[in-house]
Structure formats: structure tokens, C-alpha cells
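Just so we're aligned, residue 235 is where the sequence shown starts under the working numbering, counting upward by one. Read through the structure below, which is laid out as C-alpha cells, and then see the notes.
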Amino acid sequence: MSANTIELTTENFAETIGKDGIVLIDFWAAWCGPCRMFAPIFEAAAGRHADVTWGKVDTDAQQEIAGALNIRSIPTLMAFRDGILLLSQPGVLPAAALDSVVTQLRGLDMDEVRKKVAEAESSQGHQHGPDCNHDHDDHAPGHEEPKG
């Protein structure tokens, strides 16, 4: 690991992803060939984008974190901004694609993102009642209207 990346463990993971700004995390393992291919791409991008927090999670050593985040294949890149998960991308990203992710994350209107997150959370908790107006389309994905 370089001076530009930090090793994330159960002790520092939540604090790191919860901070303001952009946090990119590489989930990897020593035995994983594609992870070894992605490591220098990730490290080089960390050097180019010093304003971003770059973390690495060894999925063998940190199985609790990997399990909690449903990491099913490695490498997986996760991107957070201001504590909100915005991307979970399995596979090796080319350098240009990784730079593009950083650029897109920088360009996000986080007030709009927070608004959409709040709307999604409230619609998932939506319960049909006698006053429900079924003409609206704000239900959670996969939601089916009652048949009757």
C-alpha cells in the first residue's frame, strides 16, 4: 500500500466512509489475480487525486466488512461521498474509467442526492391505506399494487 491509500479495518471503516468528501474503496484479496491487476491502477489514481480518500479492504482479513456490504466478487470498487454509497462496481476498471468515476463524483449535486435518498427511503416505507391515492408513481421498485 502506498502513502496515498489507507488500510481499512472494522476499527476505522465506518469513520472513514462517513467523512465529508469522496471516499473510494478497493475490496481485494492477495490470492486474487484481477485484484493484483487493479492495485497499481488504484494506487496511481490515488496519486493523481489527492483530494479523494483512497482505502483498501482485504476481504480475507476483514470478512465482517465484506459480508456487511455484500461483496460477492473481487475486486470491487465502492464509492462514497459525504457518507452516501454511490457506486458498487465489481471488476477491474481501466485507469480512464476510474478517473471518470472521480470526475462524476465531484460533479454531483449532493443536496439533490440526499433528496433522492430521502424520497427512496420514504417510498419504501409507504403503506397502502384508505386514503392512498394510487395515481402516484412513487412506489419502491418491484412494488405491486394490491389486486382486488
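We put the CB at the ideal spot given by N, CA and C, even for glycine.
Item	Value
Residue(s) in a DSSP beta bridge with proline 324	Thr310
Cα-Cα separation between cysteine 366 and alanine 354, rounded to whole angstroms	Since pLDDT at cysteine 366 reaches only 48, below the 50 mark, its modelled position is unreliable, and the value read off the structure follows with that caveat. Taking the straight line from one Cα to the other gives about 18 Å.
Local conformation of glutamate 245 per DSSP, three classes	coil
Completely contained alpha helix (DSSP H) runs for the segment 245-287, where each covers 4 or more residues	247-252 and 267-282
Those residues which DSSP pairs with leucine 332 across a bridge	None, per the DSSP bridge assignment.
Cβ shell of glutamate 378 (< 8 Å), same chain only, five flanking positions each side left out	Any answer about glutamate 378 is weak, because its pLDDT of 44 lies below 50 and its placement is not dependable; what the coordinates show is given next. Cβ neighbours of glutamate 378 beyond the five flanking positions: none.
Opening and closing residue of the alpha helix (DSSP H) in which isoleucine 299 lies	297-302
Assigned secondary structure, leucine 319 (DSSP; H/G/I helix, E/B strand, else coil)	strand
Aspartate 345, enclosing alpha helix (DSSP H) - first and last residue	344-358
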